[in-house]
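Chemist: Chains as they are written, first to last, in our numbering: chain L, 1 to 332; chain B, 333 to 542.
This is the structure I have questions about; it appears just below.
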């Protein structure tokens, strides 16, 4: 009986986290299309519900009632597994995101590493989908995205090292609490910019959406997918984008901390601040999608390996020597 | 404790079955996927014994990077053709003695380790090692790696660097006749270099490309 009650309590907590995440993913798709439209002086989705807010719901209904086509020459098990992997990996990472000092599903010692590991596993959904489709465009898209994600993971890893040097702990709550005096976006501003651009590349967002470049590869790795499986790829992609925004908010924008520790701000719960920061970062993601043209593939690789990686490595040396020289290294 | 052992046996069963499937499955890409499953269950086992740092690093390095490159190579190779060359016919018998020697070595290594663990348990006692249990896993690993074993650590880093440079040197080749784009050249171009006004006589073309 004791085990059962623990089990149900945990399931309740997980549902309480996942249902809002899924709803916000649906809303964020609407926000993305809306921002994109406004930049181009269009209206965007504005018919279903007030301001078109229920557009994603209508889209989801449409996908559910469409036929799922499995190509006859595809590798069926892996073909079906791929969207499931993408979706699962995008959702399990939310387990460690702290919404306040106590509101966190799993407050583990190596939270940052867990986030990094899960985001680096995200490439498998894409590779599996591209390979199992047994078709040329998905395969090309999968190979492109694998190379791209592996390259930009490296620079994200080095950027995380910069933050960890200042914090001295891998726990996400410790990272947030270490920013009480100053958010890391101020001393590590160049790293924040590089993190933002690498996050764009890691989530296959424009201007780095080579894996699904519609002018060259139809829809990249998801060309052969239809119905609910396509929708799952879509949801997983947006959940990943939100996750990257949350990671940026926690590492650089002080997570659930309020911007000023004075009276009216301290009344607002930490979760609201975190959500606001995620939304601001996502707004930037959506703006970039609308205003920047797509990179060429060699430019993308050059940017990752020859510009970002050396620059962030030099910044590691700078940060650590600064901390060492001024005796600011965190010791616990 | 029951929950703990249930999880342990689940993960180890998955690890063993997928390890067998790596060698048993006919499709090479399936083997790599089983290898990934194996890595993931091993890292779960690491986390279960409290080595959460090692488990996560295992996920990041092996599953996130190494196995992706494996998949890359395996997908690019024309496996069906090479299977005929490698595994069928006369040539395959050459590899059997080497494989036998290596597998016997590994077998005796495992026998030595398990025998030592069985008859000299104090060697493997956690209190004799440098690790302190009072501080976090990551912290104690760092304290040991960067103090007692700093030279070993540096040497292994140098070996990895040499291997990396070697791989680049082996695969690097300069091809003639490839048109490259230089960003600095493109940006610093002036109008005077790019545009030229010519007097074109009728019925006589102009040679524009040089």
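Beta carbons: idealized from backbone N, C-alpha and C, even for Gly.
Are three or more beta carbon pairs between the stretch 232-243 of chain L and the stretch 143-158 of chain L nearer than 8 Å?
Modeler: Short answer: they don't touch.
Chemist: Give the straight-line distance between the Cα atoms of residue 79(L) and residue 258(L), rounded to the nearest whole angstrom.
Modeler: If you take the alpha carbons of residue 79(L) and residue 258(L), they lie about 44 Å apart.
Chemist: Note down, in chain order, every chain B residue with its Cβ under 9 Å from the Cβ of residue 3(L).
Modeler: In chain order: 334 and 335.
Chemist: Could you pull out every residue in the same chain whose Cβ sits closer than 7 Å to the Cβ of residue 254(L), ignoring the five residues on either side in sequence?
Modeler: Taken in chain order, the residues that qualify are 176, 179 and 183.
Chemist: Along the chain, where does the alpha helix (DSSP H) containing residue 517(B) start, and where does it finish?
Modeler: Element bounds for residue 517(B): 515-519.
Chemist: Looking at chain L, is there any beta carbon in it that lies within less than 9 Å of the beta carbon of residue 397(B)?
Modeler: With 9 Å as the cut-off, residue 397(B) counts as an interface residue toward chain L.
Chemist: Please identify the residue among 23(L), 29(L), 15(L) and 9(L) whose C-alpha is closest to the C-alpha of residue 205(L).
Modeler: That would be 29(L), whose Cα lies nearest to the Cα of residue 205(L).
Chemist: Please list, in chain order, all residues of the same chain as residue 203(L) whose beta carbon is under 6 Å from its beta carbon, the five residues on each side excluded.
Modeler: Contacts found: 240, 241 and 244.
Chemist: Beta carbon of residue 14(L), beta carbon of residue 82(L): below 9 Å?
Modeler: No, the Cβ-Cβ distance between residue 14(L) and residue 82(L) is not below 9 Å.
Chemist: Taking DSSP as the reference, what is the three-state secondary structure of residue 232(L)?
Modeler: Three-state DSSP puts residue 232(L) in a helix.
Chemist: Taking C-alpha atoms, which residue in 281(L), 11(L) and 113(L) lies nearest to residue 546(B)?
Modeler: Since the displayed chain B opens at 333 and closes at 542, residue 546(B) lies outside it and no answer follows.
Chemist: For the alpha helix (DSSP H) that residue 523(B) lies in, which residues bound it at each end?
Modeler: Here the alpha helix (DSSP H) through residue 523(B) covers 523-526.
Chemist: List the residues of chain B whose Cβ lies closer than 9 Å to the Cβ of residue 127(L), in chain order.
Modeler: 400, 403, 404 and 407, listed in chain order.
Chemist: Please compile the residues from chain L whose C-beta is within a distance smaller than 7 Å of the C-beta of residue 388(B).
Modeler: Going along chain L in sequence order, the residues near residue 388(B) (Cβ under 7 Å) are 110, 113, 114 and 117.
Chemist: Residue range of the alpha helix (DSSP H) that residue 486(B) falls in?
Modeler: 482-503 is the span of the alpha helix (DSSP H), which, as asked, contains residue 486(B).
Chemist: Applying a beta-carbon distance threshold of less than 8 Å, which residues of chain B neighbour residue 146(L)?
Modeler: Going along chain B in sequence order, the residues near residue 146(L) (Cβ under 8 Å) are 400, 403 and 404.
Chemist: Is the beta carbon of residue 121(L) less than 9 Å from the beta carbon of residue 396(B)?
Modeler: Yes. Within cutoff.
Chemist: Give me the Cα-Cα distance between residue 284(L) and residue 251(L), rounded to the nearest whole angstrom.
Modeler: About 17 Å.
Chemist: For the alpha helix (DSSP H) containing residue 176(L), list its first residue and its last residue.
Modeler: Where residue 176(L) is concerned, the enclosing alpha helix (DSSP H) stretches over 172-177.
Chemist: Look at residue 231(L) and residue 93(L) and say whether their C-beta atoms are less than 9 Å apart.
Modeler: It is not a contact, given that the beta carbons lie outside the stated cut-off.
Chemist: In chain L, which residues lie less than 7 Å from residue 354(B) when you measure between Cβ atoms?
Modeler: None at all; the shortest Cβ gap to chain L is about 16 Å.
Chemist: What would DSSP say about residue 102(L), mapped onto helix, strand or coil?
Modeler: It is coil, neither helix nor strand.
Chemist: Hey, residue 137(L) and residue 220(L): beta-carbon distance below 9 Å or not?
Modeler: Result yes, Cβ atoms of residue 137(L) and residue 220(L) sit closer than 9 Å.
Chemist: What is the C-beta distance between residue 369(B) and residue 350(B), in whole angstroms, given that I count them as a contact (C-beta under 8 Å)?
Modeler: Between residue 350(B) and residue 369(B) the Cβ distance is about 4 Å, and since that is below 8 Å, they are a contact.
Chemist: Hey, is the stretch 263-272 of chain L in contact with the stretch 99-109 of chain L, meaning 3+ C-beta pairs nearer than 8 Å?
Modeler: Touching, yes, given that three or more Cβ pairs across the two stretches are closer than 8 Å.
Chemist: Measure the Cβ-Cβ separation of residue 31(L) and residue 286(L) and say whether it is below 9 Å.
Modeler: Yes, the pair counts as a contact, with Cβ atoms nearer than the cut-off.
Chemist: Is the stretch 62-74 of chain L in contact with the stretch 272-281 of chain L, if contact means three or more CB pairs nearer than 8 Å?
Modeler: No: the two stretches stay apart, fewer than three of their Cβ pairs being nearer than 8 Å.
Chemist: What residues from chain L crowd round residue 468(B), counting only those whose CB sits closer than 8 Å?
Modeler: Correct list: 109.
Chemist: Are the C-beta of residue 361(B) and some C-beta of chain L separated by less than 9 Å?
Modeler: True, the Cβ-Cβ gap to chain L drops below 9 Å.
Chemist: With DSSP as the reference, label residue 139(L) as helix, strand or coil.
Modeler: Residue 139(L) falls in the helix class under three-state DSSP.
Chemist: When you compare only the Cα positions, how much space is there between residue 385(B) and residue 168(L)?
Modeler: Each residue's Cα considered, the two are about 14 Å apart.
Chemist: Between the alpha carbons of residue 111(L) and residue 297(L), how many angstroms are there, rounded?
Modeler: Rounded to whole angstroms, residue 111(L) to residue 297(L) spans 33 Å at the Cα level.
Chemist: Determine the chain L residues that contact residue 385(B) at a beta-carbon separation under 9 Å, and present them in chain order.
Modeler: Simply 109, 110, 113 and 170.
Chemist: Using 9 Å as the limit for Cβ to Cβ distance, is residue 475(B) near chain L?
Modeler: Closer than 9 Å: no.
Chemist: Alpha carbons only, please: which of 494(B), 467(B), 334(B) and 362(B) is nearest the one belonging to residue 404(B)?
Modeler: Checked all of 494(B), 467(B), 334(B) and 362(B); the closest Cα to residue 404(B) is 362(B).
Chemist: How about residue 44(L): is its C-beta nearer than 9 Å to some C-beta of chain B?
Modeler: With 9 Å as the cut-off, residue 44(L) does not count as an interface residue toward chain B.
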